[in-house]
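Student: My questions will all concern the structure given below.
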Amino acid sequence: MTDDLRAPIGTHDVLAPDSALWEGVIGTFADLAHRYDFGLVLSPMFEDVAVFHRGIGEASEVATKEMYVFTDRGDRTYALRPEGTASVVRAFVQHHPVTPWRAWYVTPAFRYERPQAGRYRQHHQLGVEALGSDDAQVDVEVIALAQRFYAAIGLRRVRLLLNSMGHDVCRGEYVGLLRTHLFAHRDELCDDHRATWDRNPLRVLDCKKPACVAVTDQGPMLPDHLCDACRDHLDLVTRGLDRLGIAWERAPRLVRGFDYYTRTTFEFVSDALDAAQNAIGGGGRYDQLAAALGGPDVSGVGFGSGIERLLLARAAEGISRGLIDRDPDCFIVDTTGGEEATVLADELRRAGLAVSRAVDGRSMKSQMKVADRSGARVAVLIGPREIAAGEVTMRDLRASEATQWRVAREGVADAVRTVLEGHE
RNA sequence: GUGGGCGUAGCUCAGUUGGUUAGAGCGCCAGGUUGUGGUCCUGGAGGUCGCGGGUUCGACCCCCGUCGCUCACCCCA
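The opening position of the first sequence corresponds to residue 1346 in the numbering used here, with each subsequent residue numbered one higher.
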């Protein structure tokens, strides 16, 4: 209701219980990243603007019109990170860890644009980067991690689109051919690209307008013009994916938005989402990024995924199953003032249990209602009679018929555990 | 940046041709013989009708502006 102090446009607060899904997604990813031998990297949310200009490309849409650029009190020009890769690679360059270096991250990403479904000014990405090797096996592992991750969070209607951008020489030759073709057919392009095809010919490949599709359909496709080395690399990647049983599709038109990609590029799309925001993740190899940021001439490969998009895709697939259980194990009802509940709760929590309780001296009936809604499996009741007897009353909140029993005060933790196990 | 739709209780919404104390469901709180939840019943709290201006005897309703939400284009996660 206070309109003057809301979260900024295009940003969102995520509160429990919704946030449990975020915990689940991030936790699942952290666990998987560990299994795939990636270590967590934390890097600043803002960087010298040059990190992104040199990284994702000064001419890219994101860099030219979507970055949050600001000057700090010391007159330094910074930008809020619009994506994850550039700053991770910057960290790699700065610290020169032993290669191959494998890092995973989860971070907010900022882009100044009008919000819409699946598109926000602050969204969140998680991903991995592997630097210091150009072995195609790394590409395969990165893609496999992404694919296994989507499966782990329950997504089924996901397709992997694969392409190769070649390297600077063979792509350069290809772009020349494409530009010649586009020049010959420039009048047939869609309204937008009739003016911009020359500046960024690759973008035209990505255009969905029938006019552009008709032109590019007859033109040269990048995969047909790869050099031998790039072709071999792509073949190794596809063979690796085949051996892992990971389905993929060739996507010769796949052109990603950042300039740093070379060779392998891929995108995961959800068929449950509308085309405007169906990309739930993507990535690829970048041979020149580290060098562009002043580092060694080493290659890297990685991918990033938008958490909001993943959640959107889950919802669109009708997946309601949660990823983690954040309900309390037990709920303490104390009608003697609340001090006993505090003591018992602390004891149970130290024993590893998740405990909820009521405060403010509410009536037993009221506390029982709260206990019920809390999702706790069992209620632990403390009243004058229990205190006198040195016991508590246990009540199963999930049983269809009322069942309760007395337990010695010292044995509460074990009694709760017994109930929990009985439910599993 | 451009365009469409929408802004009424915490949430989802109703609100008659502008008319006198703005409603419902859910949620929340309290009761229903004073130690007990989930169903049911009763009662209660909660709204400057996004904000500002205008028209009018009178505006939640009409007009203008503004802010916000939302969807689409562009691009992407």
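Even glycine gets a Cβ: it sits at the ideal position worked out from N, Cα and C.
With which residues is LEU1471 paired in a DSSP beta bridge?
Tutor: Under DSSP, LEU1471 forms a beta bridge with VAL1451 and SER1650.
Student: Taking ARG1754 as the reference, which of ASP1420, LEU1726 and ASP1537 has the closest Cα?
Tutor: LEU1726
Student: Look up VAL1700 in the DSSP assignment and say whether it is helix, strand or coil.
Tutor: In this structure, VAL1700 counts as strand in the three-state DSSP scheme.
Student: At the level of alpha carbons, what is the spacing between ARG1501 and ILE1664?
Tutor: 10 Å
Student: Hey, quick one: how far does the alpha helix (DSSP H) through ILE1401 stretch, first residue to last?
Tutor: 1394 to 1401
Student: Look up LEU1387 in the DSSP assignment and say whether it is helix, strand or coil.
Tutor: Collapsing the DSSP output to three states places LEU1387 in coil.
Student: With 16 other CB atoms within 10 Å as the buried threshold, where does SER1615 fall?
Tutor: buried
Student: Got a sec? Which residues, its chain only, sit under 6 Å from ARG1654 by beta carbon, not counting five neighbours each side?
Tutor: GLY1463 and ILE1625
Student: Whole-angstrom Cβ separation of LEU1476 and GLY1639, contact assumed at under 8 Å?
Tutor: Incorrect: roughly 14 Å between the Cβ atoms, too far for contact.
Student: Which residues share a DSSP beta bridge with CYS1575?
Tutor: DSSP output for CYS1575 lists no bridge partner at all.
Student: How many Å lie between SER1430 and THR1738 at the Cα?
Tutor: Strictly speaking, residue 1430 in this sequence is Thr, with Ser absent from that position. Spanning the two alpha carbons is a distance of roughly 55 Å.
Student: Determine, using beta carbons only, whether VAL1468 and GLY1651 come nearer to each other than 9 Å.
Tutor: Per the sequence presented here, residue 1468 reads as His, with Val not at that position. A contact, by the Cβ cut-off of 9 Å.
Student: Check THR1525 in the structure and name its three-state DSSP category.
Tutor: helix
Student: Please identify the residue among ASP1480, ALA1424, PRO1546 and ARG1722 whose C-alpha is closest to the C-alpha of GLY1767.
Tutor: ARG1722
Student: Hey, how far is the Cα of ALA1661 from the Cα of GLY1372?
Tutor: Distance between the alpha carbons of ALA1661 and GLY1372: 22 Å.
Student: By how many angstroms is the C-alpha of ALA1481 removed from the C-alpha of GLN1563?
Tutor: 31 Å
Student: Would ALA1454 and ARG1435 be called neighbours here (beta carbons separated by less than 9 Å)?
Tutor: no
Student: Could you check how far apart the C-beta atoms of ARG1608 and CYS1575 are, in whole angstroms? I think they sit under 8 Å.
Tutor: Contact between ARG1608 and CYS1575 is confirmed by a C-beta separation of about 6 Å, below the 8 Å threshold.
Student: Please classify ILE1488: does DSSP put it in a helix, a strand, or coil?
Tutor: Helix.
Student: In the DSSP assignment, the beta strand (DSSP E) including ILE1727 goes from what residue to what residue?
Tutor: 1723 to 1727
Student: Would the beta-carbon of PRO1565 fall within 9 Å of that of HIS1526?
Tutor: yes
Student: Taking the beta strand (DSSP E) that MET1739 falls in, what are its first and last residues?
Tutor: 1736 to 1741
Student: Roughly how many whole angstroms lie between the Cα atoms of GLU1406 and CYS1675?
Tutor: C-alpha separation (whole angstroms): 52 Å.
Student: PHE1490 to SER1711, Cα distance in whole Å?
Tutor: Reading off the sequence, residue 1490 comes out as Leu, not Phe. Computed Cα separation, rounded: 48 Å.
Student: For the candidate residues ASN1508, LEU1506 and CYS1557, whose alpha-carbon lies nearest to that of ALA1529?
Tutor: Nearest C-alpha to ALA1529: CYS1557.
Student: Assuming VAL1473 contacts TRP1449 (C-beta within less than 8 Å), just tell me the rounded distance between them.
Tutor: That pair is a contact at about 4 Å.
Student: Grouping DSSP H, G and I as helix and E and B as strand, with all else coil, what is CYS1675?
Tutor: strand
Student: Work out the CA separation of PRO1546 and MET1346 for me, nearest whole Å.
Tutor: At MET1346 the pLDDT is 44, less than 50, meaning the model places this residue with poor confidence; the figure from the coordinates comes in the next sentence. Going by the C-alpha atoms only, they are around 48 Å apart.
Student: Below 9 Å between beta carbons: does that hold for THR1687 and ARG1702?
Tutor: yes
Student: Taking 9 Å as the cut-off, decide whether the C-beta atoms of LEU1550 and VAL1485 are in contact.
Tutor: no
Student: Please report how far the alpha carbon of SER1478 lies from the alpha carbon of TRP1593, in whole angstroms.
Tutor: 23 Å
Student: Who are the Cβ neighbours of PRO1460 in its own chain at under 8 Å, not counting the five residues just before and after it?
Tutor: Take PRO1460, set aside five residues on each side of it, and the residues of its chain with a beta-carbon closer than 8 Å to its own are ILE1354, GLY1355 and ARG1466, in chain order.
Student: List in chain order: all unbroken beta strand (DSSP E) runs of 3+ residues lying wholly within the region 1404 to 1453.
Tutor: Whole beta strand (DSSP E) segments, 3+ residues: 1414 to 1416 and 1422 to 1425.
Student: Measuring alpha carbon to alpha carbon, tell me which of GLY1369, THR1748 and GLY1511 ends up nearest PRO1597.
Tutor: Comparing C-alpha distances from PRO1597 to each of GLY1369, THR1748 and GLY1511 shows the shortest one belongs to GLY1511.
Student: Taking VAL1643 as the reference, give the member of ARG1666, TYR1605 and GLY1627 with the closest Cα.
Tutor: TYR1605
Student: Using C-beta distances below 7 Å, list every residue in its chain close to VAL1396, excluding the 5 sequence neighbours before and after it, in chain order.
Tutor: ALA1431, SER1432, ARG1435 and LEU1638
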